[in-house]
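The block underneath contains the structure these notes are about, expressed in structure tokens.
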Amino acid sequence: MLTIAADILILGGGASGLLAAYAAAREGASVIVLEKMPRPGRKIMITGKGRCNFTNVKPWDAFSRHIRTKANFLRPAFYNLPPEVMLDFLEAQRLPVVVEHGDRAFPSSYKASDVVDALVGAARRAGAQIQTEAEVTDVLRDPADGSFVVSCRDGRTFSGLRLVVATGGLSYPRTGSTGDGYRWARQSGHRLVECFPSLTALVPKGYKLTEVAPTVGQVAAKVLSGYDPGQARKATPWQEEAPVLPPGYPQPAGHLDRALPLSEFGRSLCGIHLRNVALTLVVNGNEVRSETGELDFTDGGIEGPVGFALSRDAVKAIVNGGKVRLLLDLKPGVPPEELQARLKSLWAEIQKDPRSRSGTIRSLLKVLLGKLMPWELVAPFLQSAPAILSGRKDNVRIDFSALAQALTAWPFDVAGFVGYERCVVTAGGVSTDDVLPKTLESRLVKGMYFCGEVLDIDADTGGYNLQCAFSTGYLAGLSAAKSL
Ligand SMILES: Cc1cc2nc3c(=O)[nH]c(=O)nc-3n(C[C@H](O)[C@H](O)[C@H](O)COP(=O)(O)OP(=O)(O)OC[C@H]3O[C@@H](n4cnc5c(N)ncnc54)[C@H](O)[C@@H]3O)c2cc1C
Numbered sequence: 008m009l010t011i012a013a014d015i016l017i018l019g020g021g022a023s024g025l026l027a028a029y030a031a032a033r034e035g036a037s038v039i040v041l042e043k044m045p046r047p048g049r050k051i052m053i054t055g056k057g058r059c060n061f062t063n064v065k066p067w068d069a070f071s072r073h074i075r076t077k078a079n080f081l082r083p084a085f086y087n088l089p090p091e092v093m094l095d096f097l098e099a100q101r102l103p104v105v106v107e108h109g110d111r112a113f114p115s116s117y118k119a120s121d122v123v124d125a126l127v128g129a130a131r132r133a134g135a136q137i138q139t140e141a142e143v144t145d146v147l148r149d150p151a152d153g154s155f156v157v158s159c160r161d162g163r164t165f166s167g168l169r170l171v172v173a174t175g176g177l178s179y180p181r182t183g184s185t186g187d188g189y190r191w192a193r194q195s196g197h198r199l200v201e202c203f204p205s206l207t208a209l210v211p212k213g214y215k216l217t218e219v220a221p222t223v224g225q226v227a228a229k230v231l232s233g234y235d236p237g238q239a240r241k242a243t244p245w246q247e248e249a250p251v252l253p254p255g256y257p258q259p260a261g262h263l264d265r266a267l268p269l270s271e272f273g274r275s276l277c278g279i280h281l282r283n284v285a286l287t288l289v290v291n292g293n294e295v296r297s298e299t300g301e302l303d304f305t306d307g308g309i310e311g312p313v314g315f316a317l318s319r320d321a322v323k324a325i326v327n328g329g330k331v332r333l334l335l336d337l338k339p340g341v342p343p344e345e346l347q348a349r350l351k352s353l354w355a356e357i358q359k360d361p362r363s364r365s366g367t368i369r370s371l372l373k374v375l376l377g378k379l380m381p382w383e384l385v386a387p388f389l390q391s392a393p394a395i396l397s398g399r400k401d402n403v404r405i406d407f408s409a410l411a412q413a414l415t416a417w418p419f420d421v422a423g424f425v426g427y428e429r430c431v432v433t434a435g436g437v438s439t440d441d442v443l444p445k446t447l448e449s450r451l452v453k454g455m456y457f458c459g460e461v462l463d464i465d466a467d468t469g470g471y472n473l474q475c476a477f478s479t480g481y482l483a484g485l486s487a488a489k490s491l
């Protein structure tokens with residue numbers, strides 16, 4: 008079969024690959040993007056719950072605090088395409104944008120598909136060719152002229168003077184990101200920082216009916232060993248609501264498949280949304296980090312902004328064999344004495360109320376708790392804090408000190424975490440020590456560039472991850488074209 012030649016081959020047509028294509032084609036290079044899915048930008052479609060929080064407009068100093076890996080590596084890419092330029096770029100593609108609280112930017116249509124259309128349109132108009140259903144299986148170097156020869160599963164072959172690897176991480180494999188780029192990076196001598204899921208649900212002990220992943224091949228050792236991405240190709244068409252992983256998909260130790268059924272305890276909590284609570288991560292008995300904000304109990308476990316914010320450190324600790332506990336504070340910022348006094352005065356009010364006359368202590372305690380938390384939370388809270396009631400059957404008393412303690416430090420031992428089937432980003436990847444920050448060219452293989460999530464880069468929620476992908480994609484494409 009004929010080999011199709013271009014100056015630059017870009018592997019992956021996601022956020023970083025599309026920006027790389029745009030930047031390289033604008034420099035006048037001939038560019039081919041090879042994308043395995045039927046359409047490019049599949050993952051972008053599900054970002055921000057379909058609304059696409061495409062960047063965060065904080066200046067570098069504040070932005071970089073949300074990068075959870077070596078932030079300095081990103082600095083040149085960030086300044087080359089900072090968030091405000093990304094805003095202008097999209098507006099120039101006739102996509103109006105809005106900036107919301109927390110400096111988070113969205114398309115004003117709140118449609119992720121509009122962002123995909125804008126990126127694909129910009130890359131194509133700049134002259135890049137996007138080949139879809141082109142799943143790259145092998146990457147070789149031609150010893151005669153140093154060009155890269157890329158084979159696709161359907162037999163097509165392509166050659167390029169430069170190669171940009173933009174294949175993303177391992178999360179949400181149904182979007183096409185199945186970690187293929189790690190293999191080519193490793194084959195060509197690059198170091199891989201061990202991968203693990205980040206921005207994911209943490210599963211409390213007893214939350215799921217069974218805490219043993221039933222069908223998914225759980226790989227307890229190194230994440231990527233023995234994984235054949237070719238198997239992922241046979242997966243049924245992508246569906247947001249069917250997070251079933253292809254057989255043999257790598258998952259680190261501690262992974263609990265999202266599809267595991269909920270226990271009664273899990274069902275009693277699932278669906279509850281809490282505002283203005285604090286969550287503290289405790290690893291091996293030591294408090295690691297606290298976050299205040301919103302929390303969701305879902306079919307996965309504990310997530311929402313504060314859950315996600317702690318998930319990276321929690322997952323890492325579990326993967327390394329640590330004991331992880333979360334402490335939920337339902338009344339953050341209220342000093343213990345003040346809380347106890349408030350509880351006692353609420354209790355006095357309830358007891359005075361004529362409607363309380365026929366109530367038992369237990370039923371009146373529920374009334375008290377209903378004033379302090381969403382009603383649905385009362386039953387699971389009581390189940391988790393039996394020490395609140397003391398004394399014999401005919402003389403039950405409320406221990407206000409135990410109640411205050413339970414309200415401010417409700418403990419959840421963590422049994423595991425939801426894995427790549429539903430995590431937002433992959434932590435780990437191609438070591439940034441093997442890549443030049445100013446160009447994103449490999450230090451080991453001349454002409455090979457890396458960008459986006461395939462690199463050991465991950466950040467908090469809030470638009471930071473997409474901006475990292477856009478900035479690194481743009482710089483990799485530009486550098487590859489300039490080097491021709
Ligand atoms: C549910 C969800 C919500 C998110 N929401 C946000 C958000 O609101 N804001 C934010 O900043 N970030 C968000 N993210 C993270 C963000 O989407 C990613 O960090 C970003 O898309 C990474 O870009 P990328 O180009 O590196 O990889 P991807 O976007 O994953 O693109 C990689 C591409 O490479 C292709 N590919 C892989 N292997 C091959 C192969 N062998 N041959 C050919 N093509 C291949 C894939 O099909 C894919 O299209 C979210 C992620 C998820 C999962």
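Residue 283 in this note's numbering sits at position 276 of the sequence shown, and the numbers go up by one each step. Using N, Cα and C, we set each Cβ at its ideal position, and we do this for glycine too. Values in this document were obtained by computation on a predicted structure and should not be read as measured data.
With 16 other Cβ atoms within 10 Å as the buried cut-off, status of residue i
{"i": "residue 34", "result": "buried"}
{"i": "residue 194", "result": "exposed"}
{"i": "residue 243", "result": "Because residue 243 carries a pLDDT of 30, less than 50, the predicted location of this residue cannot be relied on, and no value is offered for it."}
{"i": "residue 402", "result": "exposed"}
{"i": "residue 91", "result": "exposed"}
{"i": "residue 467", "result": "buried"}
{"i": "residue 10", "result": "exposed"}
{"i": "residue 311", "result": "buried"}
{"i": "residue 41", "result": "buried"}
{"i": "residue 394", "result": "exposed"}
{"i": "residue 86", "result": "exposed"}
{"i": "residue 451", "result": "exposed"}
{"i": "residue 345", "result": "exposed"}
{"i": "residue 18", "result": "buried"}
Residue i Cβ short of 7 Å to ligand 1 heavy atom set
{"i": "residue 54", "result": "yes"}
{"i": "residue 187", "result": "yes"}
{"i": "residue 431", "result": "yes"}
{"i": "residue 318", "result": "no"}
{"i": "residue 43", "result": "yes"}
{"i": "residue 49", "result": "yes"}
{"i": "residue 202", "result": "no"}
{"i": "residue 192", "result": "no"}
{"i": "residue 18", "result": "yes"}
{"i": "residue 117", "result": "no"}
{"i": "residue 174", "result": "yes"}
{"i": "residue 461", "result": "yes"}
{"i": "residue 305", "result": "no"}
{"i": "residue 182", "result": "yes"}
{"i": "residue 86", "result": "no"}
{"i": "residue 390", "result": "no"}
{"i": "residue 143", "result": "yes"}
{"i": "residue 481", "result": "no"}
{"i": "residue 205", "result": "no"}
{"i": "residue 471", "result": "yes"}
{"i": "residue 478", "result": "no"}
Which of helix, strand or coil DSSP assigns to residue i
{"i": "residue 108", "result": "helix"}
{"i": "residue 420", "result": "strand"}
{"i": "residue 61", "result": "coil"}
{"i": "residue 303", "result": "strand"}
{"i": "residue 204", "result": "strand"}
{"i": "residue 490", "result": "coil"}
{"i": "residue 359", "result": "helix"}
{"i": "residue 430", "result": "coil"}
{"i": "residue 220", "result": "Annotation note: pLDDT 46 at residue 220 (below 50); position unreliable, coordinate value reported separately. Residue 220: coil per DSSP, three-state reduction."}
{"i": "residue 137", "result": "strand"}
{"i": "residue 47", "result": "coil"}
{"i": "residue 126", "result": "helix"}
{"i": "residue 99", "result": "helix"}
{"i": "residue 414", "result": "helix"}
{"i": "residue 398", "result": "coil"}
{"i": "residue 76", "result": "coil"}
{"i": "residue 23", "result": "helix"}
{"i": "residue 142", "result": "coil"}
Candidates the options, of which the one nearest residue i by Cα
{"i": "residue 21", "options": "477, 294, 309 and 68", "result": "477"}
{"i": "residue 82", "options": "427, 474, 284 and 276", "result": "474"}
{"i": "residue 116", "options": "172, 58 and 388", "result": "58"}
{"i": "residue 296", "options": "282, 279, 275 and 319", "result": "319"}
{"i": "residue 350", "options": "407, 257 and 45", "result": "407"}
task = Mind the definition here: the region 109-122 touches the region 42-52 only if three or more C-beta pairs lie below 8 Å; say whether that holds.
result = They touch, by the three-pair rule.
message = Taking 8 Å as the cut-off, does the region 425-440 touch the region 454-472 (at least 3 CB pairs, one atom from each stretch)?
response = Contact between the region 454-472 and the region 425-440 is present: three or more C-beta pairs spanning the two stretches fall below 8 Å.
request  = Would you be able to state if there are at least three C-beta pairs under 8 Å between the region 147-163 and the region 397-414?
outcome  = Because the criterion of three Cβ pairs below 8 Å is not met, the region 397-414 and the region 147-163 do not touch.
message = Taking 8 Å as the cut-off, does the region 300-310 touch the region 264-278 (at least 3 CB pairs, one atom from each stretch)?
response = In short, these stretches touch, since the Cβ pair count reaches three.
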